[in-house]
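Student:
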Amino acid sequence: MFSGSSTFVSEVDQAFLFILIISVIFFLGITFAMIYFVVRYHHKKNQTVSQSSGNLTLELLWTVIPTILVLGMFYYGFIGYRHMKTIPPDALEIQALGRMWSWLYTYENGYQTDTLTVPLGKPVKIRVESADVLHSFYIPAFRIKQDAVPGMKNYVWFEATETGIFDIFCAEYCGDRHSYMLSLVKVIPQEEYATWYDGTAQFAPAAGPAGDAERKPGSRGPMLVKIKGCVACHSIDGAPLVGPTFKGVFGHQVTVITDGQEREILADEEYLRRSILEPQADRVKGFENIPMPLQNLTEDELAEIIAYIKELQ
Ligand SMILES: [Cu+2]
7 MFSGSSTFVS EVDQAFLFIL IISVIFFLGI TFAMIYFVVR YHHKKNQTVS
57 QSSGNLTLEL LWTVIPTILV LGMFYYGFIG YRHMKTIPPD ALEIQALGRM
107 WSWLYTYENG YQTDTLTVPL GKPVKIRVES ADVLHSFYIP AFRIKQDAVP
157 GMKNYVWFEA TETGIFDIFC AEYCGDRHSY MLSLVKVIPQ EEYATWYDGT
207 AQFAPAAGPA GDAERKPGSR GPMLVKIKGC VACHSIDGAP LVGPTFKGVF
257 GHQVTVITDG QEREILADEE YLRRSILEPQ ADRVKGFENI PMPLQNLTED
307 ELAEIIAYIK ELQ
């Protein structure tokens, strides 16, 4: 009954069930007592009022029983909490960086992905950090949740007990596209994970080999706009999100606000570069209310992204 996708499921669900059962018993008890008293002590049958005070047995009962129940809840909660805060020494470490509005996972070997990939049956420690505002890293199927607080190094761990793909949410309201801050965790068998981690699979690290002569400029663009979080605010299909779409910007006139003055400008390569490196210089009209965050890009990554945006016509 209590098996699940991570080793925490049974503990959390048992604590939850324990509290739920107690709550239901009290809810029913109080409701029935209330109905009984309304009928039994109706004023038509009871003309005279009597007062009573001091009943040691009753007072002891309503103090001791709830205290024991609450201590029981605390016990279950604390056991689970301690387990969740005690990281096994052999845990793999992965950073989960929350930012408006996507999660980025960085592995010990430098890999970066937008889907968390972990091995089955091995403890994984997640360092939960934020690049901007409060977020919260939440995997319901594993029963874990941890706030991402700017400037704080929080962590959480889990061990997946089932292969598959599970949802990751942001559980702390973090602005306009909070509800789209969705991600996935993919649990794969350990051998498959080892291959993936060694890079022999088809996945390429974000900071992959530069100057590869075979590679077409811009071919890493689709991956980079995901890893760098651009697609949380910019679509590639023409739909305006929080920021203007990337589709068809290049080579067209854009109305921008520069130092409070509206002006028309041709979106050439120079303009795209400036928009990314100095987002505040020219604010696109109609999108000026949300500041585009400063991006941490290498020269090569910037060139790749610009080449890719140019293709999106
Ligand atoms: Cu968030």
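Just so we're aligned, residue 7 is where the sequence shown starts under our numbering, counting upward by one.
Ideal placement from N, C-alpha and C gives every residue a C-beta, glycine not left out.
DSSP puts Gly-104 in a beta bridge; with which residues?
Tutor: Trp-109, Ser-136
Student: Between which two residues does the beta strand (DSSP E) carrying Phe-164 extend?
Tutor: 160-165
Student: Taking only three categories from DSSP, how would you classify Gly-227?
Tutor: helix
Student: Pull up the distance between the alpha-carbon of Pro-129 and that of Glu-165, whole angstroms please.
Tutor: 4 Å
Student: Mapping DSSP to helix, strand and coil, what is Val-262?
Tutor: strand
Student: Do three or more CB pairs link the segment 261-270 to the segment 233-248 at distances below 8 Å?
Tutor: no
Student: Using only the alpha-carbon positions, how far apart do Leu-23 and Gly-10 sit?
Tutor: 15 Å
Student: Measure the C-alpha to C-alpha separation of Thr-63 and Pro-72 and round it to an integer number of angstroms.
Tutor: Looking at the two C-alpha atoms, the distance is approximately 14 Å.
Student: Excluding the 5 residues flanking Asn-160 on each side, which residues of the same chain have their C-beta closer than 8 Å to its C-beta?
Tutor: Arg-133, Val-134, Glu-135, Gln-152, Asp-153, Ala-154
Student: Express the C-alpha separation of Ile-312 and Gln-301 in angstroms, rounding to a whole number.
Tutor: 13 Å
Student: Could you name each continuous alpha helix (DSSP H) segment of 4 residues or more that falls completely within the segment 12-72, going from the start of the chain to the end?
Tutor: The segment 12-72 is shown to contain whole alpha helix (DSSP H) runs of 4 or more residues at 15-46, in chain order.
Student: Let me check understanding here. Comparing Cα to Cα, which of Val-248, Ile-271, Ser-185, Phe-252 lies closest to Gln-259?
Tutor: Ile-271
Student: For Phe-175, write down the residues that DSSP places opposite it in a beta bridge.
Tutor: Bridge partners of Phe-175: Tyr-144.
Student: Leaving out the 5 sequence neighbours to the left and right, which residues in its chain are closer than 8 Å to Thr-112 when beta-carbon positions are compared?
Tutor: By the criterion of a C-beta distance shorter than 8 Å, Thr-112 is surrounded in its chain by Ile-100, Gln-101, Leu-103, Gln-118, once the five residues flanking it on both sides are discounted.
Student: I'd like to check one pair, Tyr-82 with Ile-174: are the Cβ atoms closer than 9 Å?
Tutor: no
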